[in-house]
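>
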Amino acid sequence: MDDVVIIGGGAAGFFAAIHIAEENPKLKVVLLERGKEVLTKVKVSGGGRCNVTHAEFDPSELVHHYPRGEKELLGPFHNFCSGDTIAFFEARGVPLKIEEDGRMFPVSNSSQTIIDCFMGEVDRLGITVIKNSSVTGIKKSDNGFIVQSIKREYQARKILIATGSNPKIWKMLEDIGHTIVSPVPSLFTFNIKDDRISEIPGVSTHASVEVLPQTRTDSKVSIALKSKGLQRPILESEGPLLITHWGMSGPAILKLSAWGARVLSDYKYKFKIQVNWLPAYHEGGVFQQLLEIKEIEAKKTILRTNAFDVPKRLWVNLVKAAGISDSTKWADVSKNSLQELTDQLTRSEFMVDGKSTFKEEFVTAGGIDLKEINFKTYESKIVPRLYFAGEVMNVDAITGGFNFQNAWTGAFIAAKAIAAN
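Under our numbering, the first residue of the sequence shown carries the number 147, and numbering increases by one thereafter.
#1: In the segment 322 to 347, which residue ranges form an unbroken alpha helix (DSSP H) of at least 4 residues, counting only runs that do not cross its ends?
#2: Nearest to L388 by CA position, among P379, E356, T335, is which residue?
#3: Kindly indicate which three-state DSSP category T390 falls into: helix, strand or coil?
#4: Could you give the C-beta distance for Q360 and Y415, rounded to a whole number, given that I count them as a contact under 8 Å?
#5: Check N197 in the structure and name its three-state DSSP category.
#6: Please name the residue, chosen from G323, V330, H391, that lies closest to E345 on a Cα-to-Cα basis.
#7: Quick check: what's the CA-CA separation for G215 versus A553?
#8: Can the beta-carbon of A398 be found less than 8 Å from the beta-carbon of S332?
#9: Alpha carbon to alpha carbon, what distance is there between L358 and K366?
#10: Can you tell me which of the three DSSP states A511 falls into?
#11: If you draw a straight line from the C-alpha of I261 to the C-alpha of T510, how long is it?
#12: Using the C-alpha atoms, what's the distance from L424 back to S471?
#13: According to DSSP, G283 sits in a beta bridge with which residue or residues?
#14: Nearest CA to the CA of Y533: which residue from E168, P347, L516, I380?
#15: Between the C-alpha atoms of I164 and H210, what's the straight-line distance to the nearest angstrom?
#16: Give the DSSP bridge partners of L177, in chain order.
#17: Can you tell me where the beta strand (DSSP E) holding I305 begins and where it ends?
#18: For the alpha helix (DSSP H) holding N549, just list the boundary residues, first then last.
#19: Given Q490, which residues of its chain have a CB within under 6 Å of its CB, disregarding the five upstream and five downstream residues?
#20: Closer than 8 Å by C-beta to P252: which residues in its own chain qualify, once you throw out the five before and the five after it? Chain order, please.
#21: Using 8 Å as the Cβ pair cut-off and three pairs as the minimum, do the segment 215 to 233 and the segment 539 to 553 touch?
#22: Do G156 and N307 count as a contact pair if the criterion is CB distance below 8 Å?
#23: At what residue ranges does the segment 441 to 499 contain a whole run of the alpha helix (DSSP H), taking only runs of 4 or more?
#24: Less than 8 Å between the C-beta atoms of I514 and M539, yes or no?
#25: Restricting to Cα atoms, I'd like to know which of A566, G556, I564 is closest to P222.
#26: Could you pull out every unbroken alpha helix (DSSP H) segment of at least 4 residues lying fully inside the segment 390 to 442, listed in chain order?
#27: Tell me where the beta strand (DSSP E) around A353 begins and ends.
#28: Between W316 and I326, what straight-line distance do the alpha-carbon atoms span, to the nearest angstrom?
#29: Compute the Euclidean distance between the alpha carbons of A566 and H352, then round it to the nearest angstrom.
#30: Whole angstroms are fine: how far does the CA of V330 sit from the CA of F160?
#31: Could you give the distance in angstroms between the alpha-carbon of L381 and the alpha-carbon of L402?
#32: Rounded to whole angstroms, what is the Cα-Cα separation between H200 and K314?
#33: I'd like the list of long-range same chain contacts for G500, defined as Cβ closer than 7 Å, with 5 residues on each side in sequence excluded.
#34: For N549, count neighbouring C-beta atoms within 10 Å of its own C-beta (all shown protein chains included) and say buried if the count is 16 or more, exposed if not.
#35: Just to confirm, is the Cβ distance from T383 to V349 under 8 Å?
#36: Ends of the alpha helix (DSSP H) at F234?
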């Protein structure tokens, strides 16, 4: 009989295995991975550099980056936070660095550094890693659990599930009494076909974005917009926005997709957004500045005079969308046209029709109901000696290293609890 069987050879599984073996070297730890390679998500994270964590060291601030799990993670982050992650890797010869946006990567700029660190640790600690071992059944037994894989049967006193978003494992957990919150995609980009952005992929700028309430007619939306405060946006965010070949991406969009994972799924990924390309200005201020430029730059064409700090190609498209021709000079533009341009700059509406996965970093909202987990130990409240770590639970975060930090924290606390008893 094995003391501990860990199901899932990803970030959380390896981190837990290492800490269990360090805390209690007497325990026999077996780690099962269904694929032919381990740590595949670690390998592709951050464009192959591995976004290990985020430089947010205050647990009460860190939790705000988790659309699901915000309340539950506060205690765990007081136990093991970003600084502890940094210390773990630095103690093993893998220094991390902070980038301008707070994301943290290995100084080597290679995810292979993290993988090599983990593989070196499991070898040193005598942890058994078995690949190509898809689990086909989990049953409770008198002494713990029977774990059936495609290769053989394991008997374990305790098991830790770190399989991420795996429907087959969720079904097995349902069969032994757990509730699974149905999964929906999180962290995705918006598919948009619109002349204002179709020819300018690669353009990036700071913007604020709102998801508008669904209404039966467009007229209701326009009424709501003109009567400020009548209808608040469903979701809103601000940050870098990237125009792509298929629509929009970047942190401003990804935040919306994470926080709105369920509501946008309910909308079947068809909804309207409103973009303010000048979030530092209010609408009246933009209009006033356009009137001033009309006086100062009277002889110049509007198309060639970028009045604000927006990318030139975007400015050109927004001017055209306002119905202003290439040859129109500031002296000749009407106040109505300037109001149209103000609207384009501060509240451009776009129709989203579908989504695309954000790179290889697929994240799912859903999993084991958090009410059924003891977050002091990450042990199941339903099935004793069953533990969890990572995205198998209904916890997910926005992009920026936060999903990995959730994996490290849960794995560390679960490992401590498993090794202690």
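Beta carbons: idealized from backbone N, C-alpha and C, even for Gly.
Since the model is a prediction, treat every value here as computed from it, not as a measurement.
According to the structure shown:
#1: none
#2: T335
#3: Coil.
#4: Q360 to Y415, Cβ: 12 Å. No contact.
#5: coil
#6: H391
#7: 12 Å
#8: At the C-beta level, A398 and S332 stay beyond 8 Å of one another.
#9: Legend: pLDDT at K366 = 34, less than 50; position of this residue unreliable, value from coordinates given subsequently. Between K366 and L358, the alpha-carbon positions lie close to 11 Å from each other.
#10: In this structure, A511 counts as strand in the three-state DSSP scheme.
#11: Those two C-alpha atoms are separated by around 23 Å.
#12: 22 Å
#13: Q294.
#14: L516
#15: 28 Å
#16: I152, V275
#17: 299 to 307
#18: 548 to 566
#19: L464, A467, A468
#20: R195, C196, V198, F235, V240, P241, L242, K243, T259, I260, listed in sequence order.
#21: yes
#22: For the record, residue 307 in the displayed sequence is Ile; it is not Asn. Not a contact, by the Cβ cut-off of 8 Å.
#23: 458 to 467, 481 to 492
#24: Yes. Within cutoff.
#25: G556
#26: Runs found: 397 to 405, 407 to 412, 429 to 442.
#27: 350 to 357
#28: Rounded to the nearest angstrom, the two C-alpha atoms are 7 Å apart.
#29: 49 Å
#30: 26 Å
#31: 7 Å
#32: 31 Å
#33: N337, Y415
#34: buried
#35: The sequence as given places Ser at residue 383; Thr does not occur at that position. The answer is no: Cβ separation not under 8 Å.
#36: 228 to 237
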